[in-house]
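Q: Note that the sequence shown covers residues 31 to 257 in our numbering.
Note that beta-carbon positions come from the ideal geometry of N, C-alpha and C, so glycine has one too.
It should be emphasised that the depicted structure is a prediction, and the values quoted were computed from it without experimental measurement.
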Amino acid sequence: ALGAALLATILLTNALGLLAKRLLLLDTLEARVGFHVIGFALAYSLIFALVHHFLGEARGAWRRAFGLSAGGWRRTSLAAAAGLLTVIVPAKLAGAAWHAWLVHMGAPLEPQPVVEWFLKLRDPRLVALLVVLTVAVAPVVEEALFRGIFHPFLRERFGPALGLTLGALAFAGFHLHLPSLAPLFLLAVVLALTYEWSGNLAACMALHAGFNALAVTGLLVRRAAES
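#1: Compute the Euclidean distance between the alpha carbons of L53 and L151, then round it to the nearest angstrom.
#2: Do you know how far the Cα of G248 is from the Cα of V145?
#3: Taking only three categories from DSSP, how would you classify R104?
#4: With distances taken between CB atoms, is the gap from V246 to F148 smaller than 8 Å?
#5: Mark G203 as exposed unless 16 or more other C-beta atoms lie within 10 angstroms of its C-beta, in which case mark it buried.
#6: Which same chain residues end up closer than 6 Å to L196 when comparing Cβ atoms and leaving out the 5 residues on each side of it in sequence?
#7: State the start and end residues of the unbroken alpha helix (DSSP H) segment that holds G248.
#8: Contact between the region 111 to 125 and the region 221 to 237: three or more CB pairs below 8 Å?
#9: Below 8 Å, can you find three or more Cβ-Cβ pairs linking the region 165 to 182 to the region 121 to 141?
#10: Distance check for R105 and F70, CA to CA, integer angstroms please.
#11: Using three-state DSSP, classify A152 as helix, strand or coil.
#12: Buried or exposed for A255, going by 16 or more other Cβ atoms inside 10 Å?
#13: State the DSSP-derived secondary structure class of E173, mapped to helix, strand or coil.
#14: In angstroms, rounded to a whole number, what distance separates the CA positions of G240 and L216?
#15: Consult DSSP for H134 and reduce its assignment to one of helix, strand or coil.
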């Protein structure tokens with residue numbers, strides 16, 4: 031129900047965006063991005079509400095369910111840093127190899143919309159909002175959903191190896207961008223292993239935030255160079 035509700039919200043947001051564009055209600059990049067930001071904010075809010083409902087009203091439910099206090103901050107920081115250092119280069123290599131294979135197969139390759147937004151937006155407020163959404167909000171919400179809820183369920187239902195693989199595929203597919211499938215799959219594997227090792231979802235959130243922050247920094251540097 032959690033994933034279905036999220037998917038329905040995102041699809042509805044995209045459908046409304048296309049409809050508005052056709053009706054010439056959104057005739058600028060800034061307006062379209064603002065519309066999508068609102069949509070994703072609503073989707074993430076819905077996830078939080080559903081996760082909260084899933085855990086119930088018990089005090090400390092988030093900490094108990096997700097291990098947010100397990101291991102202390104030293105172990106959490108070490109796990110996040112180790113995971114980030116582990117995944118950076120392999121994700122780049124996997125992305126390059128996957129991209130080359132897609133080109134060889136003649137698959138259509140489009141950049142992620144968020145890449146275009148970071149490079150072309152001129153409203154600094156929207157750029158700042160995108161940074162917050164990408165680096166702070168998305169990692170927390172997505173980790174609560176994929177590592178906090180889906181990973182334990184899939185591991186128990188299908189076993190450690192298959193459960194981890196299915197969860198990683200779900201995470202990569204969730205982003206709806208074929209060229210990013212391989213690096214996102216690899217990131218999801220490292221995130222799941224980090225969660226298994228640390229027992230602390232905060233380590234996954236920090237790792238995910240660091241990964242996104244590096245990507246955003248690269249885009250902002252490229253944006254400045256092209257200005």
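A: Inspection of the coordinates gives the following:
#1: With a pLDDT of 45 at L53, under the threshold of 50, the modelled position of that residue is not reliable, and the figure given next carries that caveat. Between L53 and L151, the C-alpha separation is close to 22 Å.
#2: Rounded to the nearest angstrom, the two C-alpha atoms are 10 Å apart.
#3: helix
#4: Result yes, Cβ atoms of V246 and F148 sit closer than 8 Å.
#5: exposed
#6: Answer for L196: L184, listed in chain order.
#7: 231 to 256
#8: Here the region 111 to 125 lies against the region 221 to 237, with 3 or more beta-carbon pairs under 8 Å apart.
#9: Judged by Cβ distances under 8 Å, the region 165 to 182 makes no contact with the region 121 to 141, as fewer than three pairs qualify.
#10: 32 Å
#11: Note that residue 152 corresponds to Arg in the displayed sequence, not to Ala. Correct three-state label for R152: coil.
#12: exposed
#13: helix
#14: 15 Å
#15: helix
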